[in-house]
Structures are given as C-alpha cells and as structure tokens.
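Have a look at the structure below, then the notes.
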Amino acid sequence: MSEPKDRTIDIADTDRIESARELLSNAAQLVSFTGAGLSAESGIATFRDAQTGLWAKFDAMKLASADGFARDPELVSSWYQDRRRAMAQARPNAAHRALAERADLHHITQNIDDLLVRAGADPARVVSLHGTMTRDRCHGTCGYEVTIDMHDPPGLRTCPTCGEHLRPAVVWFGEMLPMEAWTEAERLCLGCDVLLVVGTSAVVYPAAGLIALAKDAGAQVIVVNTQPSDASALADVELIGRAGEVLPALLSSK
Ligand code: APR
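Take 42 as the starting number for the sequence shown in our numbering and just add one per residue.
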C-alpha cells in the first residue's frame, strides 16, 4: 500500500484543531489509542509499509506469525533482531513527547516499540495490546519471560525452564491478545470522555473495535492520521496531518 505524500495541517484545520482542543480541555478521562503511524516519524516502518532492504522479499505478515516461526525459527529470529536494533536506534518523536507530557492521559497502543515510555510516559499508564519487543517469552506454556537488550538483541535460543524456543513477547497474527491488557483497554475505553486515536488504519481487530466501544459508551472521538482510515466514520473531529505536527498543537497546555 503506497502512502499518499504526508500532508501538513491544512490551514482550514485550525477550526478543527480548536474544537479538538476544546474537547480535550473538558475531558475528565482522556485515553489515547495509537498505531504504527505514531512511530512512523521516528523511522519505524508502519506494519503495512513495504518491507525495506534485506527484508523486502519477505511478507511481514508471514514472518510475524506462529506458522512462520515454526517453519523457520532462525529466519524469524534474525528478522526480529534487525527490527530490535532499528528500534533501539530510533528516537521518540514530537508526537510521543506530546502524549507523554500529558500525565493525565492513559495510553492504549498497538505498537510494540518502547518509544512512548522512552518519551517519558508512565509505563503503568501504557497498555501494550500487541505486546512488546523489549521482552522475549517462552513459545511454550511455561510462562518464562526475559527483558532484552535492544541494542544487542540475542538470536534464536531455547527457554532455560522448559527447552522450547524463546520468541519476542509480541502478539502474532492468529494469537490471542494478552487478557490483562485487553481487559484494561476495555475498561479505559468504557470510562473515557475523549478517545484520541492516532496513526492507525483501524483495520485490525479486536484492537480496532475499541474505538466503537468508546464511542458507544459516550466518548467523543478525535482522529489524527495522514489519511482517512476506518476510524474516520467514528470521528467527532478528524485531523488529517502528521502526528508529530498535530499532537503538539492539540495537547500543548498553552
Ligand atoms: N502521522 C499520523 N499517521 C500516520 C503517519 C504519521 N506520521 N504515518 C503513517 N500514518 C498512518 C497511515 O496512513 C496509516 O493509516 O498510520 C496508519 C498506520 O496504519 P497501519 O500501518 O495499518 O498500522 P496499525 O493501524 O498500527 O496496524 C495495526 O496491525 O499489522 C498489525 O500488529 C500490527 O499493531 C499492528 C496492527
């Protein structure tokens, strides 16, 4: 899918920015729901961008799957090693910082990078629906988990507890979301006044269903994206622009 050239904020959006700021300033319970577009300006490819370089000939959806791992655990592990090194080099962008600076915000993210926390968000207020690249877990059922040095990520190895392979603690296609994260995300969406949706195509369920859940529970929905998405129909205010440009304008206290 080739992304249209990123647009900056149209001058016509200034009214929309003002109405969005109005909604945000009156919100008692403010929750962000973010996707790969939040980290795009940090140089982390969105999941549906064409894979670059060495990995261009591989289908990311196949690599990020239990079948792909079963078929070639070495290949999948080296793909994650490269992605981890790239994530370690990446820096939080202005959008991460704008979100992190709002200590009253709770964050639900589909992203597996750690940029929101590295930007200063309280980890206790970040729900990582699709897991995290900063940890490995046992591919079996023993529950072993370990934190990874993202600057020097390990290759394929076995679980010290049960001998199964270790794999990134992320949710692969076809796998269940972590129950605790999902339950917390539902609770936050049912209780929020404003849901700020940033950088997601809103096509992957069950995560994308959280937007309608919040809306049906009475929340106002603000969408920030570089192009219309499946969240557009649910938006009370939609701002087409780069997260790194729009979020500082939206969330700054002045
Ligand atoms: N600012 C705002 N939005 C952006 C930016 C940016 N700088 N760059 C890209 N976008 C938008 C794109 O237009 C797209 O609509 O962000 C959206 C990213 O959508 P996807 O690539 O589909 O990523 P996401 O919605 O997070 O995917 C959800 O699907 O692939 C799985 O598990 C993976 O968590 C991922 C989930």
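Cβ atoms here follow ideal geometry from the backbone N, Cα and C, with glycine treated the same way. In this text, all values refer to a predicted model and were calculated from it rather than measured experimentally.
| Check | Outcome |
| --- | --- |
| Here's the rule I'm using: 16 or more other beta-carbon atoms within 10 Å means buried, otherwise exposed. How should T16 be labelled? | The question about residue 16 has no answer here: the residues shown for the chain are numbered 42 through 295. |
| Given a cut-off of 8 angstroms, decide if A255 and A249 are closer than it, judged by their beta-carbon atoms. | no |
| Quick one: complete alpha helix (DSSP H) runs, 4+ long, within the region 119-161? | 135-141 and 156-159 |
| Just mark K46 as buried or exposed, buried being the case when its beta carbon has 16 or more other beta carbons within 10 Å. | Reliability of the predicted coordinates at K46 is poor, the pLDDT of 44 falling under 50, and the value obtained from them is presented with this limitation in mind. Exposed, since its Cβ has fewer than 16 Cβ neighbours within 10 Å. |
| Would you call the region 173-187 in contact with the region 75-87, where contact means no fewer than 3 C-beta pairs closer than 8 angstroms? | no |
| Kindly indicate which residue of I252, D190 and G109 has the alpha-carbon position closest to the one of V72. | I252 |
| Is it the case that the Cβ atoms of L207 and P247 are separated by a distance below 8 angstroms? | no |
| Just to confirm the assignment, what range does the beta strand (DSSP E) spanning C183 have? | Run containing C183: none; DSSP gives neither H nor E here. |
| Hey, how far is the Cα of R138 from the Cα of D123? | 25 angstroms |
| How about L157 and V167: are their beta carbons less than 8 angstroms apart? | yes |
| What separation, rounded to the nearest whole angstrom, lies between the Cα atoms of A101 and A61? | 35 angstroms |
| Of the residues D234, L288, C203 and E227, which one's Cα is nearest the Cα of G78? | L288 |
| Compute the distance between the beta-carbons of V239 and R57, then report whether it is under 8 angstroms. | no |
| Could you tell me the distance, in whole angstroms, from the CA atom of I153 to the CA atom of E221? | 16 angstroms |
| What is the residue span of the alpha helix (DSSP H) that G250 lies within? | G250 to D257 |
| Start and end of the beta strand (DSSP E) containing F354? | The first residue shown for the chain is 42 and the last is 295, placing residue 354 beyond what the model contains. |
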